[in-house]
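A short worksheet on the structure shown next.
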Amino acid sequence: MTAVENPYLAGNYAPVTEEVTATDLQVEGTIPAELDGRYIRNGPNPAGETDPDNFHWFTGDGMVHGVRLRGGKAEWYRNRYVKGPATSAALGVEPLPDPFGGERGLSSPNTNVIGHAGRTFAIVEAGGIPMELDYELNTLSYCDFDGTLPYGFSAHPHLEASTGELHTVAYYWGWGNQVQYIRSGADGKIVQTIDVPTTGSPMIHDMAFTDRYILILDLPCVFDLDVAMAGSSLPYRWADEYPARIGLLPRDGGADDVVWCEIDSCYIFHPMNAYDDADGNVVLDAVRHPKMFATEVTGPNEGVPVLERWTLNPATGRSSQTNISAIGQEFPRLNEANFGKPYQYGYTVAASARLDPHALLKHDMNSGEVLRHDNSGRQHLEPVFVPRSGAIAEDDGWIMAYAYNVEANSSEVVIIDAQDFAADPIATITLPQRVPFGFHGNWVPD
Ligand SMILES: [Fe+2]
């Protein structure tokens, strides 16, 4: 296979090769003056040579991109390699010191970048160690949250707005048949972990929580030793015989208290949200893939990902399932203040089975209405909702997204009025280089 034949090294998946700092950004429209902070995102962008035959989209070393907004201006754009061992070697720079003495696997976290406790972290799953970045996205160090992280972290911690805590579920093949729930305090230190036994060693990309439960997605994409021994960079494969189930870990309980709810076989990367309903059930809204890494092993491509609702009964372990939207879509987000609570609005990217992105979608969970933001064929990356200060309405704020302008072969940050979702962006910031299709980002207010 050549780089052109591996779709994750071609087109707007192809890595960029320069670290750019730009302060003279072209802006069309009006950036809301109250937006004061950074919009940062992460994605695979291997430095140096890659083997196209063994390049998996999920395992390419990370690069972060960021735009800093203040006073209605786009002050800067920066992109920086996340400088793990392979990236440092490829760039010919001194590797950062390994604080673990070789006892943990180090990488360049490529999946998400978050602001937490006044710090910035690039993060990844599968036993990955976070890396701390400075405000301008330069890599500072490997990070175990001041010695409080038992081993690896995850790419998808979720903020609980009422406490400032982060909740996540980590996994690592080296742990055998168990995964780890991790609760991180508002001060950036881990305050609780619970090891939860699972059927095998599943890939658990993301999680959800409600007021009463932590949700653990134990689904049939599992560690495959044969694939690992054969040298695959991502040794997780679909296992038909593996039971698909969602664990409900009571917020005040332990591993023995988990209620496992069987669901029809599928794979879930991303919940949109979950909450406790009035009947004591747990409702989970998430993007459902029919399978994962069953036939295509360089990236997700196992059929149309759709938005689905599961209702899980903690008393019986039973579940039911309905479709919310049959449009192909991924990268669900919402007003994060509502994570874990009943909510009305969710946002996704319309996407093919291979997750090539297109328009943005806004879902009204009450009415079933789906609005489409389709801006001249631009390919939008994950939408992020930013509330207006003092907002009462759940959707009073802005959707921000990085977008690829296919015609111009360039990238932009678009800012959309979330209450006028289908209209043109209120501001479009043209970036000085492409931002390759990647994974996740966040608005980090100052
Ligand atoms: Fe993700």
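Here the working numbering is used: the first residue of the sequence shown is 6, the next is one more, and so on. Each residue gets a CB set at the ideal place from its N, CA and C atoms; glycine is no exception. The model shown is predicted, which means the values in this text are computed figures rather than measured ones.
Query, Result
"Using only CA atoms, which one of S93, D149 and L222 lies nearest to L317?", "L222"
"The alpha helix (DSSP H) that contains L96, what's its start and end?", "P90 to L96"
"Quick check on the burial criterion: 16 or more other C-beta atoms within 10 angstroms. Buried or exposed for L96?", "exposed"
"Check whether the Cβ of A160 sits closer than 8 Å to any heavy atom of ligand 1, and report yes or no.", "yes"
"Could you give the residue range of the alpha helix (DSSP H) that holds M234?", "L230 to M234"
"Examine the Cβ distances between the region 113-125 and the region 41-51 and report whether three or more of them are shorter than 8 Å.", "yes"
"Are there 16 or more other CB atoms within 10 angstroms of the CB of P102, so buried, or fewer, so exposed?", "exposed"
"Going by C-alpha distance, which of P162, Y241 and A122 is nearest K194?", "A122"
"When DSSP labels each residue in this structure, what does N50 get in the three-state scheme?", "coil"
"Residues bridged to D58 by DSSP?", "Beta-bridge pairing links D58 to no other residue."
"Can the beta-carbon of V87 be found closer than 9 Å to that of D66?", "yes"
"Using 8 Å as the threshold, is the region 58-75 in touch with the region 227-246, meaning 3 or more CB pairs across them?", "yes"
"Ligand 1 heavy atoms versus the CB of D56: any closer than 8 Å?", "no"
"Take every Cβ of the region 351-365, pair it with every Cβ of the region 328-335, and state whether three or more of those distances are shorter than 8 Å.", "yes"
"Which residues does DSSP list as the beta-bridge partners of F105?", "For F105, which the question treats as bridged, DSSP gives no partner whatsoever."
"Below 9 Å between beta carbons: does that hold for P295 and G304?", "no"
"Over the uninterrupted beta strand (DSSP E) stretch that includes D290, give me the two end residues.", "V287 to H294"
"Got a sec? Which residues, its chain only, sit under 6 Å from R383 by beta carbon, not counting five neighbours each side?", "A408 and N410"
"Return the CA-CA distance between S394 and N371, expressed in angstroms with no decimal places.", "24 Å"
"What residue does the beta strand (DSSP E) around H275 start on, and which one ends it?", "Y272 to D281"
"Compute the beta-carbon to beta-carbon distance between A166 and E341, rounded to the nearest angstrom, for a pair I have assumed lies under 8 Å.", "7 Å"
"Is any heavy atom of ligand 1 found at a distance shorter than 8 Å from the C-beta of D211?", "yes"
"Start and end of the beta strand (DSSP E) containing P135?", "Premise fails: P135 is in no beta strand (DSSP E) and is neither H nor E."
"Please list, in chain order, all residues of the same chain as S324 whose beta carbon is under 8 Å from its beta carbon, the five residues on each side excluded.", "I251, C266, E267, I268, W315, T316, L317 and N318"
"When the Cα of I187 is compared with those of A320, F344, P207 and R256, which residue comes out closest?", "R256"
"Taking the continuous beta strand (DSSP E) assigned at M297, which residues delimit it?", "Segment: none, M297 is in no beta strand (DSSP E) and carries neither H nor E."
"With DSSP as the reference, please indicate the residues paired to N117 in a beta bridge.", "I128"
"What residue does the beta strand (DSSP E) around G67 start on, and which one ends it?", "G67 to R75"
"Using a threshold of 8 Å, is the CB atom of N143 nearer than that to any non-hydrogen atom of ligand 1?", "no"
"For A249, does the count of other Cβ atoms within 10 angstroms reach 16, so buried, or fall short, so exposed?", "buried"
"With respect to 8 Å, is the separation between the Cβ of N340 and the closest non-hydrogen atom of ligand 1 below this value?", "no"
"Could you tell me the boundaries of the beta strand (DSSP E) in which C266 lies?", "V264 to E267"
"In terms of residues, what are the limits of the beta strand (DSSP E) holding F390?", "V389 to P392"
"Beta-carbon separation of N306 and L360 under 9 Å?", "yes"
"For T435, is the beta carbon positioned less than 8 Å from some heavy atom of ligand 1?", "no"
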